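Numbering (my numbering), first residue to last: 53 to 844.
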């Protein structure tokens with residue numbers, strides 16, 4: 053048995069007996085080098101990754117994440133993890149197939165020259181339902197054996213992202229691979245399975261972990277049905293969202309990169325400050341004209357990767373040549389503009405350097421070869437004059453055919469029967485030259501079509517077409533000019549494509565850096581329009597925001613009240629917020645999350661001042677108004693999402709919790725909330741930034757939380773003015789003022805109305821309708837109507 057197999061066998065034994073395994077000695081650690089087995093799936097621009105590490109017998113996963121066709125994110129994961137083997141589906145896109153083919157070129161040196169093995173399984177092995185069953189039916193040592201099937205599902209769903217289909221499929225495929233390959237237990241009995249001691253979330257270095265619930269409740273993205281009746285079935289448009297506000301990009305690749313930055317916020321302070329430097333430069337008043345010039349150029353940056361792919365498949369369209377020509381000349385304009393800007397800003401220096409003179413060469417080549425006007429009219433690639441003498445000569449012959457064929461037709465008519473009034477000689481591509489004569493009344497059936505010295509070809513539109521001696525001679529002399537010209541032009545197009553593809557590296561750089569410039573210009577425009585400020589970053593674990601504003605709400609509300617935040621390493625890391633419904637608690641939580649999120653994407657933020665520590669994750673449980681539901685199901689969702697925060701949050705994380713346990717048993721909800729908060733309080737300096745909005749006042753009344761500077765109590769300021777409760781939407785420190793519950797604002801008014809109703813009813817009951825002196829009209833006008841008005 054291998055040493056690795058012995059180690060894993062011992063681990064299995066220890067966990068079966070219910071004990072923690074003994075620590076690994078330094079000697080064992082030196083002898084046993086961990087191995088990584090990775091499963092990768094990429095479909096529709098989404099990436100799902102899971103891998104097994106023999107070092108700690110854990111499976112790591114990364115939730116479904118966008119990745120472009122260049123698969124740079126996957127490349128970064130592979131370089132960081134260095135897998136021994138990569139598993140994927142045999143049915144896959146050409147982009148990932150090419151990636152897996154070339155994977156050894158970038159990872160071999162880091163693994164002592166060894167390239168990772170690539171294994172392909174049938175696509176059916178990665179089915180979603182099959183993978184779910186494979187996960188749920190497996191016995192994991194860390195899951196208590198006493199759990200029921202339902203409890204097992206709830207437990208695993210708090211650890212594994214069942215909302216991410218690609219990851220589930222990757223996990224299912226990886227489990228099947230481990231059962232087949234059996235790394236570390238190859239020589240064990242068949243009943244001994246590969247030990248899986250934990251599931252852990254894998255996050256790339258410097259990438260902030262943000263779950264899908266956070267994207268939803270913070271409205272980072274929001275798709276809506278397209279208003280056009282022609283696109284309602286399939287079309288989508290961006291609704292009121294952070295992405296919709298920040299997106300002022302001029303090219304599609306800028307829009308894609310902005311979405312990618314929002315999907316991958318980073319805590320790399322160097323990268324964030326580089327982005328902010330560019331935005332700060334463009335915000336200067338003297339650079340406004342430069343902004344307009346650059347944005348005008350960016351409008352013409354087209355989908356270069358798609359064009360290059362079509363070129364590689366020799367399927368280039370006329371519109372592709374126009375788009376590429378505009379892109380290249382606009383890229384030259386971007387380069388020349390950036391060369392006049394300060395080289396101290398890295399992006400300007402990079403564009404000035406990588407946008408080389410090969411762009412001039414490509415643009416000149418296209419301009420000299422492609423006849424855009426002719427190509428558009430003919431809807432195929434047309435070569436300009438003076439490019440190829442052979443093509444020019446054949447085109448001259450083709451242009452002169454009209455007069456020449458008229459002379460030939462005149463001679464043909466002289467040789468024809470006198471009954472034939474007229475004829476013409478025509479040229480049809482792929483068929484050649486033909487003699488065309490009108491059909492005579494005497495020509496009834498095919499036998500009547502026969503004419504001496506002519507070969508009948510076909511009848512079309514009451515005209516008979518023949519080959520004559522002259523037309524045959526024309527075929528031999530002139531040949532199929534049209535097709536020959538088309539073939540020659542196609543050959544030149546292939547040669548042009550080859551020359552451009554040889555210089556495709558500079559075009560890829562244009563796409564990458566023009567997109568970056570486009571995004572940063574967009575963020576600068578939004579910052580100027582909305583009065584955003586540059587955040588500063590701290591290596592300490594703090595979140596400090598002065599007069600912060602909700603970027604979406606301030607655009608929707610007539611007035612918006614800013615609020616400040618301060619959470620330091622030793623004070624106020626857990627903030628418990630109370631206040632009446634509709635007083636602004638949820639907005640405040642979302643505001644904190646959005647400002648922090650925006651800072652971590654390199655954007656300016658809506659605040660007077662902002663200092664953000666190196667946040668590594670944002671976790672939320674906030675009820676959205678459009679999907680609030682009560683009962684056990686909601687409570688289970690609460691448990692799962694808060695459990696994810698408890699399992700994954702570190703001292704650098706931001707956790708937002710709103711109305712935990714709403715609609716369920718008060719004791720259960722209060723107990724679990726207190727237990728979660730006490731868990732974080734116990735963590736002391738390892739406690740994350742936690743913001744909790746709750747109506748569980750018993751947290752304080754029953755002293756369920758210890759007295760510690762880590763906990764700070766806040767309330768949304770309100771004031772009772774007569775019968776009305778006035779909301780100030782302002783954060784105040786403290787929890788209670790009088791200790792009395794807040795009454796409904798209309799309580800006294802209701803009591804007055806009730807008394808008026810009773811009085812009116814008593815008057816009606818006291819009426820004697822048989823009394824002849826009773827004046828009902830006077831009673832209605834003097835008693836009923838005034839009382840009715842007061843009740844309304």
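Just so you know, even glycine gets a beta-carbon here, dropped at the ideal spot from N, CA and C.
Bear in mind that the values here come from a model prediction, so they are computed numbers and not experimental data.
Residue 570 sits in a helix when the DSSP states are folded into three classes. DSSP places residue 323 in the helix class (H, G or I) of the three-state scheme.
Across the structure, residue 542 and residue 353 are spaced so that their CA atoms are roughly 26 Å apart. Residue 166: not part of any beta strand (DSSP E); DSSP gives it neither H nor E. With a 10 Å radius around the Cβ and a threshold of 16 neighbouring Cβ atoms, residue 421 comes out buried. Taking a cut-off of 8 Å for Cβ pairs, the region 363-381 and the region 533-551 touch, as three or more such pairs fall below it. Residue ranges of uninterrupted beta strand (DSSP E) with 3 or more members, entirely inside the region 470-555 and ordered along the chain, are 476-480, 484-490, 507-512 and 515-519. Taking C-beta atoms under 8 Å as the contact rule, residue 587 and residue 667 fail to qualify, at a distance of about 11 Å. Ranking 637, 406 and 578 by CA distance to the CA of residue 564 puts 406 first.
Residue 147 is positioned such that its CB atom lies no closer than 8 Å to that of residue 172.
Judged by beta-carbon spacing, residue 585 lies within the 8 Å limit of residue 661, meaning their Cβ atoms are closer than that value. Assignment of residue 565 by DSSP, reduced to helix, strand and coil, places it in the helix class. Remark: three or more beta-carbon pairs, one from each stretch, lie closer than 8 Å, so the region 207-221 and the region 185-197 are flagged as touching. C-alpha of residue 369 to C-alpha of residue 459: approximately 39 Å in a straight line. Contact annotation, residue 533 with residue 446: C-beta distance approximately 5 Å; criterion of less than 8 Å satisfied.
Contact annotation, residue 601 with residue 643: C-beta distance approximately 7 Å; criterion of less than 8 Å satisfied. Under the Cβ criterion (8 Å, minimum of three pairs), the region 456-474 counts as touching the region 485-495.
Three or more beta-carbon pairs separated by less than 8 Å link the region 743-763 to the region 624-631, which places the two stretches in contact.
In this structure, the straight-line span from the alpha carbon of residue 240 to that of residue 247 is close to 12 Å.
Note: residue 605 is not bridge-paired with any residue in the DSSP secondary-structure output. For residue 92, DSSP records a beta bridge to 101.
For the 8 Å CB-CB criterion, residue 260 and residue 202 do not form a contact.
Beyond the five residues adjoining it in sequence on each side, residue 411 comes within less than 7 Å, by CB distance, of 380, 383, 384 and 558 in the same chain, given in chain order.
Between the region 608-624 and the region 754-763, the count of Cβ pairs shorter than 8 Å is three or higher; the stretches touch. The beta-bridge partner set that DSSP reports for residue 383 is empty.
Distance check between residue 363 and each of 101, 111, 552 and 398 places 552 closest, using alpha-carbon atoms only. In the structure shown, residue 598 falls within a strand segment according to DSSP collapsed to helix, strand and coil. Linking residue 638 to residue 268 through their CA atoms gives a straight-line distance of about 14 Å. By the criterion of a C-beta distance shorter than 7 Å, residue 694 is surrounded in its chain by 673, 709, 712 and 728, once the five residues flanking it on both sides are discounted.
CA-CA distance, residue 781 to residue 611, rounds to 11 Å. By the C-beta density criterion, residue 196 is exposed, having fewer than 16 other C-beta atoms within 10 angstroms.
Around the Cβ of residue 481, a 10 Å sphere holds fewer than 16 other Cβ atoms; the residue is exposed. Rounded to whole angstroms, residue 646 and residue 366 show a C-alpha spacing of 46 Å.
Straight-line spacing of the CA atoms in residue 103 and residue 703 works out to 26 Å.
With 16 or more other Cβ atoms inside 10 Å of its own Cβ, residue 307 counts as buried. Here residue 271 is buried, its C-beta having at least 16 other C-beta atoms within 10 Å.
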